[in-house]
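Since the structure comes first, as structure tokens, the remarks are kept for the end.
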Amino acid sequence: MDKLLNYFKLLSDETRLRVMVLLFHRELCVCQICGITGISQPNISKHLARLRDIGLVKDKRKEQYTFYSLNIEYRLLEKILQEIVDNIEEYPILKLDIEKSKVAAKYIELTNMMK
């Protein structure tokens, strides 16, 4: 029961919820999350650390960057995030974040193709 309560406490914060929804779509580094959300790097890093500490996100180093992705072990959490994404029209700020992440992903893809 404590784990479930911790999940809901973590998701009750707007910044952490925004990060979780973004990571539900793809792995991102801190600088990408900051660019998408407009939230400062120290603030995003603090929230990612809390999510990592409880086991909701995992990190992976690639060159000088650390990329974060979801680590969903509980179906309930996955269902909650899926429900949010399925009804994204009801959450304008989350919808805008996802749209920005798609633009960022296309930019990265084009940049990688030019190398």
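Going letter by letter, the sequence shown gives residues 1 to 115 in full-length UniProt numbering.
Quick reminder that beta carbons are idealized off the backbone N, C-alpha and C, glycines included.
In the structure shown, the three-state DSSP call for residue 56 is coil.
A residue is called buried when at least 16 other Cβ atoms come within 10 angstroms of its Cβ; residue 32 meets this threshold and is buried. Under the DSSP assignment, residue 7 falls in the alpha helix (DSSP H) whose first and last residues are 2-11. Just measuring C-alpha positions, the residue of 77, 46 and 73 sitting nearest residue 21 is 77. As DSSP reads the structure, residue 66 sits in a beta bridge with 61.
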